[in-house]
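Number of protein chains: 2
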Amino acid sequence: MANENPSLSERKKLILKAIVEAHIDGGEPVGSKYILQNTLMSCSSATIRNEMAELEQMGYLVQPHTSAGRVPSEAGYRFYVDSLVEQYAKTTHEVVQINHLLKAKMSEIDQILETASRLASSMTNYTGIAIKPKASSVTMSKFELVSIDKKQFAMVMITSSGAVKTKKITTDQPIPDGALLKLSELMNLLLCGLSADMINLPIIMEMENEMGDAAFLVSPAVKCVWEVMSDIDGGELRYSGLNHLLKYPEYSDTQQLGQLLGTLEDQDEILDLVSETEGDDISVVIGSESPVKVMNNSAFVFKPIKKNGRTVGVIGVLGPRRMNYRQVLKTIEEIGGSIAVMFDEEKQLKEGNNRKGDGDGGK
Amino acid sequence: MANENPSLSERKKLILKAIVEAHIDGGEPVGSKYILQNTLMSCSSATIRNEMAELEQMGYLVQPHTSAGRVPSEAGYRFYVDSLVEQYAKTTHEVVQINHLLKAKMSEIDQILETASRLASSMTNYTGIAIKPKASSVTMSKFELVSIDKKQFAMVMITSSGAVKTKKITTDQPIPDGALLKLSELMNLLLCGLSADMINLPIIMEMENEMGDAAFLVSPAVKCVWEVMSDIDGGELRYSGLNHLLKYPEYSDTQQLGQLLGTLEDQDEILDLVSETEGDDISVVIGSESPVKVMNNSAFVFKPIKKNGRTVGVIGVLGPRRMNYRQVLKTIEEIGGSIAVMFDEEKQLKEGNNRKGDGDGGK
DNA sequence: ATTAGCACTTGACCTCAAAGAGTGCTAAAA
DNA sequence: TTTTAGCACTCTTTGAGGTCAAGTGCTAAT
Chain A
1 MANENPSLSE
11 RKKLILKAIV
21 EAHIDGGEPV
31 GSKYILQNTL
41 MSCSSATIRN
51 EMAELEQMGY
61 LVQPHTSAGR
71 VPSEAGYRFY
81 VDSLVEQYAK
91 TTHEVVQINH
101 LLKAKMSEID
111 QILETASRLA
121 SSMTNYTGIA
131 IKPKASSVTM
141 SKFELVSIDK
151 KQFAMVMITS
161 SGAVKTKKIT
171 TDQPIPDGAL
181 LKLSELMNLL
191 LCGLSADMIN
201 LPIIMEMENE
211 MGDAAFLVSP
221 AVKCVWEVMS
231 DIDGGELRYS
241 GLNHLLKYPE
251 YSDTQQLGQL
261 LGTLEDQDEI
271 LDLVSETEGD
281 DISVVIGSES
291 PVKVMNNSAF
301 VFKPIKKNGR
311 TVGVIGVLGP
321 RRMNYRQVLK
331 TIEEIGGSIA
341 VMFDEEKQLK
351 EGNNRKGDGD
361 GGK
Chain B
364 MANENPSLSE
374 RKKLILKAIV
384 EAHIDGGEPV
394 GSKYILQNTL
404 MSCSSATIRN
414 EMAELEQMGY
424 LVQPHTSAGR
434 VPSEAGYRFY
444 VDSLVEQYAK
454 TTHEVVQINH
464 LLKAKMSEID
474 QILETASRLA
484 SSMTNYTGIA
494 IKPKASSVTM
504 SKFELVSIDK
514 KQFAMVMITS
524 SGAVKTKKIT
534 TDQPIPDGAL
544 LKLSELMNLL
554 LCGLSADMIN
564 LPIIMEMENE
574 MGDAAFLVSP
584 AVKCVWEVMS
594 DIDGGELRYS
604 GLNHLLKYPE
614 YSDTQQLGQL
624 LGTLEDQDEI
634 LDLVSETEGD
644 DISVVIGSES
654 PVKVMNNSAF
664 VFKPIKKNGR
674 TVGVIGVLGP
684 RRMNYRQVLK
694 TIEEIGGSIA
704 VMFDEEKQLK
714 EGNNRKGDGD
724 GGK
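These protein sequence lines are chains A and B, in that order. With our numbering, letter number 347 in the first sequence gets 347, and the count goes up by one each step, no holes. Just add 363 to the spot in the second sequence (first one is 1) and you have our numbering.
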């Protein structure tokens, strides 16, 4: 297939590499003069031109038009990539961060909001937005430990708001018989009702003390609890269906679109905008009614999602100012309503339970 | 604030509404003649022009330039939206679907892939892609039921691949004492090792028979199991960081960008492209090397994610053909490696366990 | 084999005029 | 007093023509 690769002279390789990298960098055709200046070549531009002409004949370069510089062809990129492919090496530094992020799971609310955003986008053909404001003061109301095998168990946590969280925990040593039962009793006794910052060293030490020879289980378990609780906190903004915006000529100016997206990335501005608008009902922000300047040509329809009276998120739709408000309003109302119903069902059941048998895991 | 709203004559309202809707539809300034033709107005264009002039003076309309039609101003949209806001009503038909989608949770693999895609995008400044191919033959290896309150319990399921799934189940009637224990025994006995399509009516009937007066628990529980198992199946494609593409002049042509995104939405083409390329290693598809025509100016770097020897997903980066291959290759390799390590840890632990004590939840 | 110099090609950019769309205004009609 | 018809006016859009700069290919000299 690519049989002539080895037949490239060293200088040709150097020139090809220089062209590819220059083009990657700048995006424009690169001329002989540019190469001369940006690489340490001991020859003139004419020589480079000759080599370039040959490289073009071989199929590695392409001229967009007669008097433009050269651009790498597919084969050119292919050669570059193939000769590069052995070179990359892991930078262990970044790997740690990757690992951390990968292991962080999505919370339940996150998932609902994400799905809602996706839904809103696909139903309206605009961009769906989901915002999770900074929540706080989550506590656990019940723990349950489920053995998976000798060295693994799952921790099931039920939060004060009734959400069920699962974490899988892996230990170095085999788990002694009965240790899980003991640990779960202990956690239900000591950790229920505590917010993340109330779990401190004395509590952990007491737990380790009580656990005896299975004390090694305490640290990872508590760490898990802590992670889950802090996972629930933290404001975030998700959007989906950006591609829909491209259909509208308002955003054919890539500049503006880029700015708008930048604003979305920033998050803070949108979060401000949303938190400014109080009330449970659906809101419509049109153009410069918002403090965000970039949104001059856009409109933003959104609705807070309440759970037990507290705002747990916002879902919405972002589109051109001339968006189909009728449809969007309907859709957001529907999705918001659906989520509210979901939460309401949970709430009613919990209240019913509180009235009948409170304090089953009491502290 | 908007005090003069009621002072609009009926005809003005009608015209304003027509202009807003025409503009929503077409995106261009709308002239008097157009309105005359597209609404059933019994007057001439001159009359409409007069009204439009007045509406403009009132601030509801705006002329981009002297000889263009009118475009609704912010106030115009505001008036339209406000007068519309009471009108939207729920179409209960769609609500059902919304509910269904909202309640579907993300699987663990999904979350990892999603995070990976996000990571890849933010680390490379191109578009991150995560693909979950059609998986199959998931079975459950253990069930555990955890009571939440009188009418709610959580079902913890451990799949054959070791993933932990949780579903919360809400019942109409209070759950009899001991019923959960019985049900969990029954499920562990009858459902372990079965794939989704092997759970059939006879099994369910036997379970209901065994459960006696708590038979009402069986149906929702089995349904849940089934949902979780089919949630794990099904190919899907996620991408994130589309906005990064806007930075590159290759995609400043909104047309092309739109087509490319359309291809991504289609999913099938990309799924084909990926499944065609076999092997564990990182792949680079440059431009028209791929069968997808739209990708002429683009390149796609991806790597399959294996778990226990089976491909469970693909992560990758999509960008302009002149992407920074060095960086992208490195990043994908890193993320892929991190995921592999995560899976490997799980695998090793499971194997260690299998050797020592297999069949703890045996059937 | 390399280099210097020059003619040549071609897209980018600017200007200008013609065309087209839609208005505002005025005067007549209802 | 309100509506309508007609017409001049304004402003964008489009395409043609012309200049400019970039970068090449080629030839002749080193």
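C-beta: ideal position from N, C-alpha, C; glycine also.
Neighbour flag for residue i against chain A, beta carbons, 8 Å
| i | result |
| --- | --- |
| Gly720/B | Confidence at Gly720/B is low in this model, with a pLDDT of 45, below 50, so its placement is unreliable and no value can be given for it. |
| Ile382/B | no |
| Met705/B | yes |
| Gly621/B | yes |
| His428/B | no |
| Thr626/B | no |
| Tyr688/B | yes |
| Leu600/B | no |
| Lys375/B | no |
| Ser701/B | yes |
| Tyr423/B | no |
| Leu609/B | yes |
| Gln372/B | First, the residue type needs correcting, since residue 372/B is Ser and not Gln in the sequence shown. No, its Cβ sits nowhere closer than 8 Å to a Cβ of chain A. |
| Leu465/B | yes |
| Ala542/B | no |
| Val657/B | no |
In DSSP terms, what residue i is bridged to
| i | result |
| --- | --- |
| Lys303/A | Ile315/A |
| Ile131/A | Leu237/A and Val314/A |
| Pro167/A | For the sequence presented, residue 167/A should be read as Lys rather than Pro. BP columns for Lys167/A point to Met155/A. |
| Leu61/A | Pro72/A |
| Ile335/A | Paired residue(s): none; Ile335/A is not in a bridge. |
| Ile378/B | Answer by DSSP bridge pairing: none, since Ile378/B is not bridged. |
| Asp644/B | BP columns for Asp644/B are empty, so no partner. |
| Leu145/A | Met155/A |
8 Å Cβ cutoff, residue i in contact with chain B
| i | result |
| --- | --- |
| Gly287/A | yes |
| Glu185/A | no |
| Pro249/A | yes |
| Val312/A | no |
| Leu329/A | yes |
| Ile112/A | yes |
| Ile158/A | yes |
| Asn3/A | Because the pLDDT at Asn3/A is just 42, under 50, the model does not fix this residue reliably, and the value given afterwards should be weighed accordingly. Not an interface residue. |
| Thr277/A | no |
| Glu210/A | no |
| Arg388/A | The structure shown has nothing for residue 388/A, since chain A only spans 1 to 363. |
| Tyr34/A | no |
Straight-line gap, residue i to residue j (C-alpha atoms, nearest Å)
| i | j | result |
| --- | --- | --- |
| Phe216/A | Ser184/A | 14 Å |
| Met592/B | Met561/B | 11 Å |
| Lys408/B | Val664/B | According to the sequence shown, residue 408/B is Ser rather than Lys. C-alpha separation (whole angstroms): 58 Å. |
| Leu201/A | Asp213/A | 19 Å |
| Lys380/B | Thr331/A | 21 Å |
| Asn401/B | Ile378/B | 11 Å |
| Pro427/B | Glu419/B | 12 Å |
| Ala483/B | Glu414/B | 55 Å |
| Pro291/A | Arg374/B | 33 Å |
| Glu590/B | Glu289/A | 44 Å |
| Ser372/B | Glu417/B | 11 Å |
| Gly309/A | Leu329/A | 22 Å |
| Ile567/B | Ile538/B | 19 Å |
| Gly258/A | Cys43/A | 42 Å |
| Met207/A | Leu191/A | 10 Å |
| Asp721/B | Gly193/A | In this prediction, Asp721/B has a pLDDT of 45, which is less than 50 and means its spatial position is unreliable; nothing more can be read from the coordinates. |
Beta-carbon spacing of residue i, residue j below 8 Å
| i | j | result |
| --- | --- | --- |
| Cys587/B | Lys530/B | yes |
| Val317/A | Thr124/A | yes |
| Ala163/A | Glu210/A | no |
| Lys666/B | Val675/B | no |
| Leu264/A | Ile270/A | yes |
| Gly699/B | Gly604/B | no |
| Pro583/B | Thr534/B | yes |
| Ile286/A | Glu437/B | yes |
| Glu236/A | Lys142/A | no |
### Query
Is the region 24–33 of chain A touching the region 68–76 of chain A, taking contact as three or more C-beta pairs under 8 Å?
yes
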